[in-house]
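Okay, so the sequence shown: first residue is 0 according to numbering that gives the first Met the number 0, each after it adds one.
C-beta: ideal position from N, C-alpha, C; glycine also.
Since the model is a prediction, treat every value here as computed from it, not as a measurement.
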Amino acid sequence: MIGKTGGKAEIFYRGLIMKTDNIKIMFLAFAALTISCLIALSPGTAGGGSVKTYVGSENCQSCHEKEYENFSSNAAKARSFEHVQIMKKGLTESEYLGCLKCHTTAYGEPGGFVSVKATPELKNPGCEVCHGPGSLHIESGDPKDIKQPTMAVCEKCHISERVNSFKFKPMLYGGAH
Ligand code: HEC
Ligand code: HEC
Ligand code: HEC
Ligand code: HEC
Numbered sequence: 000m001i002g003k004t005g006g007k008a009e010i011f012y013r014g015l016i017m018k019t020d021n022i023k024i025m026f027l028a029f030a031a032l033t034i035s036c037l038i039a040l041s042p043g044t045a046g047g048g049s050v051k052t053y054v055g056s057e058n059c060q061s062c063h064e065k066e067y068e069n070f071s072s073n074a075a076k077a078r079s080f081e082h083v084q085i086m087k088k089g090l091t092e093s094e095y096l097g098c099l100k101c102h103t104t105a106y107g108e109p110g111g112f113v114s115v116k117a118t119p120e121l122k123n124p125g126c127e128v129c130h131g132p133g134s135l136h137i138e139s140g141d142p143k144d145i146k147q148p149t150m151a152v153c154e155k156c157h158i159s160e161r162v163n164s165f166k167f168k169p170m171l172y173g174g175a176h
């Protein structure tokens, strides 16, 4: 009798355990699937590192000494972050953040300026505001991996309202190196 009920109980419990085990297995399988999907989607592994990001002007110096020297000593861009800090006091936070789009390297873009603490190398508008993100090119040294700018690139920041109100329209070869 005891054996029988014990047997029934055992079957009953086994059934439950089997069920929870199945749920556990299903859960683990689902978790594993989710994790592998997330890994596959993450930008680091997706394109095999082919996504170009911003590296800052100092990373161009070793191979382009002349352009780097000319740009650093002559271009107002190379000191632009300071210029904005001088005016920061009179600005609201959102006005200030609005300045960064033109006065840093690629604020608001993937791989662009975030903050002085996180991305100090991108705080000024550098080589890459005109030439585009340089991560691929600094590794390869291949000219195909970097852009030559056109006037359309300048006009992202030297917008027509500015040009009209400040009576200043740069020429393609101005303010670079
Ligand atoms: C490892 C060396 C190396 C580094 C670092 C490097 N370059 Fe170059 N770059 C080259 C070489 C080599 C060429 C092809 C020969 C030349 O024009 O001097 C080139 C060419 C260029 C060109 C001309 C492209 C064309 O279409 O003719 C630009 C613009 C340029 N580099 C910008 C940059 C910028 C901006 C950086 C920093 C983000 C940088 N380079 C960093 C090696 C480098
Ligand atoms: C990401 C925004 C941005 C882009 C793109 C840009 N500029 Fe500028 N440029 C600025 C800012 C900001 C200043 C002012 C810097 C300062 O005084 O703080 C400036 C200043 C200048 C000046 C005057 C001061 C100087 O350095 O002699 C010239 C000339 C100039 N840019 C030319 C160009 C040209 C040509 C292009 C395109 C090939 C271009 N810029 C692209 C933001 C930009
Ligand atoms: C749409 C792009 C853009 C935005 C946004 C922008 N600037 Fe500029 N700024 C420029 C450009 C381009 C120049 C240089 C040439 C000119 O005057 O057009 C410049 C020049 C300057 C200069 C240098 C003036 C001089 O005499 O050398 C200062 C300072 C400045 N901006 C501060 C600011 C501040 C502060 C903000 C935010 C409230 C701001 N800018 C927002 C593009 C911009
Ligand atoms: C204001 C825009 C601007 C900035 C900032 C800028 N460049 Fe250029 N760069 C140009 C223009 C315009 C050309 C000529 C494009 C053409 O000939 O079609 C050029 C050409 C070049 C070339 C090709 C060789 C040559 O002189 O024609 C190299 C290399 C280069 N730049 C490197 C750099 C480096 C390194 C920096 C930063 C230290 C930098 N550039 C910053 C606008 C810029």
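Scanning TYR67, GLU64 and GLY97 for the CA closest to the CA of PHE80 turns up GLY97. When DSSP states are grouped into helix, strand and coil, LEU90 belongs to the coil group.
The region 118-132 and the region 100-110 touch, with three or more beta-carbon pairs separated by less than 8 Å. Nearest in C-alpha terms to GLY55, of all of PHE167, PRO119 and PHE165, is PRO119. Under the three-pair Cβ rule at 8 Å, the region 160-168 does not count as touching the region 129-139. A residue is called buried once 16 or more other Cβ atoms fall within 10 Å of its Cβ, and CYS153 is buried on that count. Closest in alpha carbon position to ASP144, among GLY131, LEU90 and MET150, is GLY131.
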